[in-house]
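Quick note, the numbering used here runs 541 ahead of the 1-based positions in the sequence shown. Please read the structure below before turning to the comments.
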Amino acid sequence: MDKFTLLLDKYKKWILYVCTAVVIVATVYGYQNGIFTDQEKMTAFLSQCGILAPVMFVLIQAVQVVLPILPGAVGCVYGVVFFGAVKGFIFNYIGICIGSVCAFLIARHLGHDFVQKITGGKFYEKYSRFLKKENRFEKLFALLIFLPVAPDDFLCYLAGISEMPLKRFTLIILLGKPLAIFAYSMGLNQIFQTVIGLMA
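So this is what it looks like as structure tokens:
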């Protein structure tokens with residue numbers, strides 16, 4: 542077992558506790574203030590944050606992976622609209638990767654029953670059968686994470702109850718997410734700007 546894996550194993554419980562606490566606080570605050578569901582309110586909130594706006598947006602994106610209140614694609618567009626193409630992509634990427642790891646750790650700690658409840662019966666029945674063949678699940682997971690249209694958030698929860706090591710999961714997320722995030726960030730933003738142009 543390498544040093545990275547040993548370090549993760551040593552502190553994963555604390556990482557889980559911190560992630561859970563942050564998610565709960567951010568979710569309650571964000572939901573009460575409409576930050577997760579209203580672009581204008583999110584923009585106003587980020588404007589008030591000043592130099593901490595990137596940190597807060599990363600936190601918002603991470604929370605939306607753990608508790609999918611708003612489709613991740615919409616959150617990606619918000620990032621590009623507020624921060625611009627390059628910075629928006631970077632902040633989207635960081636936030637979604639952090640949220641993905643948090644979802645994995647939460648699922649690993651809480652187990653099958655929790656994952657089935659949060660992902661829904663149909664999704665669980667459709668994908669959980671792949672868990673019986675671990676190598677097959679890892680390949681399927683890596684492929685779906687790479688594609689822009691996959692239910693990434695729920696797949697991260699499912700990966701948490703698989704035999705996949707955290708290190709391998711993290712590597713797949715870090716390498717597989719950029720294409721999907723780029724497609725969401727740039728593609729949907731272009732559609733958004735086109736619609737605004739037609740309405741002007």
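No residue lacks a Cβ here, since even glycine has one placed at the ideal position from N, Cα and C.
Check                                                                                                                      : Outcome
Boundaries (first-last residue) of the alpha helix (DSSP H) holding Lys485                                                 : Here the chain has residues from 542 to 741 only, and residue 485 is not among them.
Proximity of Arg649 and Ile702 at Cβ, strictly below 9 Å                                                                   : yes
Cut-off 7 Å between Cβ atoms - residues of its own chain near Arg677, not counting five sequence neighbours on either side : Phe671
Nearest-angstrom Cα separation, counted from Tyr698 out to Lys658                                                          : 11 Å
Ala691 (DSSP reduced to helix, strand or coil)                                                                             : coil
Exposure of Ser641, with buried meaning 16 or more beta-carbon neighbours within 10 Å                                      : buried
Other residues of its chain near Gly616: CB distance less than 6 Å, five sequence neighbours each side excluded            : Gln602, Gln605
Cβ-based neighbour list, Phe723, same chain, cut-off 8 Å, excluding 5 preceding and 5 following                            : Phe630
Contact set for Phe682: own chain, Cβ-Cβ below 7 Å, skip 5 residues either direction                                       : Leu696, Ala700, Ile713
Between the CA atoms of Lys674 and Gly652 - distance to the nearest angstrom                                               : 18 Å
Ile639 classed as buried or exposed, judged by whether at least 16 other C-beta atoms fall within 10 angstroms             : buried
Three-state secondary structure assigned by DSSP to Ser703                                                                 : coil
C-beta contact flag for Ile647 and Lys718 at 9 Å                                                                           : no
Range of the contiguous alpha helix (DSSP H) that encloses Ala594                                                          : 594–607
Bounding residues of the alpha helix (DSSP H) (the contiguous stretch that carries Lys663)                                 : 662–669
Buried/exposed call for Val656, threshold 16 Cβ in 10 Å                                                                    : buried
Given Leu684 as reference, the closest of Val627, Tyr619, Phe710 once Cα atoms are compared                                : Phe710
Euclidean distance between Cα positions of Gly662 and Asp694                                                               : 15 Å
Pick from Leu720, Lys582, Glu704, Val618 that is closest to Phe645, judged by C-alpha positions                            : Glu704
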